[in-house]
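Take a look at the structure set out below.
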Amino acid sequence: MSLKKFINKSENITSELLEGLALANPSILEVTPNNLVINKGLKTADRVTIVTLGGSGHEPALEGFVGEGMIDIAVVGDVFAAPGYKAVFEALQLADKGKGVLLVVLNHAGDMLAGNRTMEEAQKSGINVSMIITREDVAYAPRSEAERRRGLVGCVPLYKIVGAAAAQGKSLHEVTTIAQDFADNMATIAVACKTATHPQNGSAFAVIGTDEMEIGMGQHGEGGGGRQKMKSADETAMLMSDLLIDDLNLRSGEEIMVIVNGAGATTIMEMLIIFRCVHKYLSEKGIIIVANWVEEVLTVQEQAGFQLFFARMNTENLWYWNAPARTPYLVR
Numbered sequence: 009m010s011l012k013k014f015i016n017k018s019e020n021i022t023s024e025l026l027e028g029l030a031l032a033n034p035s036i037l038e039v040t041p042n043n044l045v046i047n048k049g050l051k052t053a054d055r056v057t058i059v060t061l062g063g064s065g066h067e068p069a070l071e072g073f074v075g076e077g078m079i080d081i082a083v084v085g086d087v088f089a090a091p092g093y094k095a096v097f098e099a100l101q102l103a104d105k106g107k108g109v110l111l112v113v114l115n116h117a118g119d120m121l122a123g124n125r126t127m128e129e130a131q132k133s134g135i136n137v138s139m140i141i142t143r144e145d146v147a148y149a150p151r152s153e154a155e156r157r158r159g160l161v162g163c164v165p166l167y168k169i170v171g172a173a174a175a176q177g178k179s180l181h182e183v184t185t186i187a188q189d190f191a192d193n194m195a196t197i198a199v200a201c202k203t204a205t206h207p208q209n210g211s212a213f214a215v216i217g218t219d220e221m222e223i224g225m226g227q228h229g230e231g232g233g234g235r236q237k238m239k240s241a242d243e244t245a246m247l248m249s250d251l252l253i254d255d256l257n258l259r260s261g262e263e264i265m266v267i268v269n270g271a272g273a274t275t276i277m278e279m280l281i282i283f284r285c286v287h288k289y290l291s292e293k294g295i296i297i298v299a300n301w302v303e304e305v306l307t308v309q310e311q312a313g314f315q316l317f318f319a320r321m322n323t324e325n326l327w328y329w330n331a332p333a334r335t336p337y338l339v340r
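Mapped onto our numbering, the consecutive letters of the sequence shown carry residue numbers 9 to 340.
Below, the structure is given as structure tokens:
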């Protein structure tokens, strides 16, 4: 299938985008031949370090958040494909500075396979590492079956919070506890009205009718069981907010973070209109937004839609969220 994208050879997409990322950010990160994106500050790090893994095709995530205050090494697989465990294990070896390593893995089959195998190898070699799994997609399973939930945009604010905690000199046990608490108190729901195409072959992930949308669309076009007629911005925002409020059991007076994450082909105009409604809707319920982010954070090529993310915040996590960071796509 013919696909209009400014690429060269399809098999070189990942290596060329990572080369471009490194050339555009020479003071922040470097890229190895096996697609490890490494924070240049790692060389002198005397703290817990952060490693993550995942396929390319979701830019700016995940590699765009490598740098001081967030990810130390992102192990990047091919487009929408998990990297092999050997590359992830190499990343752990490079990241290990004697204070321990936190490995953050999104709950997708390939990523989990690589993460679990890497943990086995780390145990054999004596690397002090703990693994946190992000699985906050409320569409895929109830909270009582959280192990089945997919990981969506929630990994990115988690990187920021644990990166800041590590920079403060917290131990691996402390950083892991902070990460798990945040992961346990976040929820995401996605919607799409047009699915993406795979940049290597042009095939569409799914077919959504011209007057349809799907609530619960997965990170790679997986269905969420919420196919319905297209709704207005306000109707969609309130419907999605209710799902997250119910899942987190949010009550009046609670403080939360809200992210409206564009999926790749959603305009800033649309995202701001959505955030406007979410802000007003939560205010009416007495739920207080203390942190927000309205941007393309973790995308799915040219998918039209967005992910709505809520997370409980406390004073400590809010401080971590606002702490200094320097990455290609987040500077504080």
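Think of the CB as a built atom: it goes at the ideal place given N, C-alpha and C, for glycine as much as any other residue.
Could you tell me the distance, in whole angstroms, from the CA atom of I276 to the CA atom of F73?
-> 20 Å
With a 10 Å radius around its C-beta and 16 neighbouring C-beta atoms as the bar for buried, classify L11 as buried or exposed.
-> exposed
Straight-line Cα distance separating L247 from G49 = 43 Å
Cross-strand partners of D145 (DSSP beta bridge) | T196
Is there contact between the stretch 279-288 and the stretch 228-239, where contact requires at least three CB pairs shorter than 8 Å?
-> no
From K105 to D80, what does the alpha carbon distance come to, in whole angstroms?
-> 11 Å
To the nearest angstrom, how far is it from the Cα of S23 to the Cα of G92?
-> 15 Å
Could you please give the first and the last residue of the uninterrupted alpha helix (DSSP H) stretch that includes E292?
-> Unbroken alpha helix (DSSP H) run through E292: 276-292.
Measuring alpha carbon to alpha carbon, tell me which of L25, I58, E19 ends up nearest E67.
-> Nearest C-alpha to E67: L25.
Please name the residue or residues paired with F318 in a DSSP beta bridge.
-> A195, V266
Relative to the C-alpha of V302, which residue among P165, H206, E230 is closest?
-> That would be P165, whose Cα lies nearest to the Cα of V302.
Applying the criterion that 16 or more other CB atoms from any shown protein chain within 10 Å of the CB defines a buried residue, is E27 buried or exposed?
-> exposed
Where does T40 sit, in a helix, a strand or coil, going by DSSP?
-> coil
With a 10 Å radius around its C-beta and 16 neighbouring C-beta atoms as the bar for buried, classify R55 as buried or exposed.
-> Under this definition R55 is a buried residue.
Within 8 Å, strictly: CB atoms of I58 and V170 | Here I58 is near V170, since their CB atoms are less than 8 Å apart.
Identify, in the order they occur along the chain, each residue of the same chain with its Cβ nearer than 6 Å to the Cβ of M194, setting aside the five sequence neighbours on each side.
-> E144, G162, A319
Among N20, P332, G63, which residue has its Cα nearest to the Cα of H228?
-> G63
What does DSSP give as the partner residues of I58 in its beta bridges?
-> L110
Which partner residues does N300 have in the DSSP bridge list?
-> V266
Identify, in the order they occur along the chain, each residue of the same chain with its Cβ nearer than 6 Å to the Cβ of A130, setting aside the five sequence neighbours on each side.
-> L100, V137
Does DSSP classify Q236 as helix, strand or coil?
-> In this structure, Q236 counts as strand in the three-state DSSP scheme.
Can you tell me the Cα-Cα spacing of L326 and N300, whole angstroms?
-> 11 Å
K13 versus L316, G261, N209, S240, residue with shortest Cα-Cα distance | N209
From the DSSP output, in three-state form, read off S152 for me.
-> helix
Could you check how far apart the C-beta atoms of A191 and V183 are, in whole angstroms? I think they sit under 8 Å.
-> No, A191 and V183 are not in contact; Cβ-Cβ is about 12 Å, not under 8 Å.
At what residues does the alpha helix (DSSP H) containing I1 begin and finish?
-> Here the chain has residues from 9 to 340 only, and residue 1 is not among them.
Thinking just about the alpha-carbon of each residue, which of G226, R340, V109, N322 is nearest to the one in A147?
-> G226
If you check the beta carbons only, do L180 and L110 fall under 8 Å apart?
-> If you check the CB distance, L180 and L110 come in under 8 Å.
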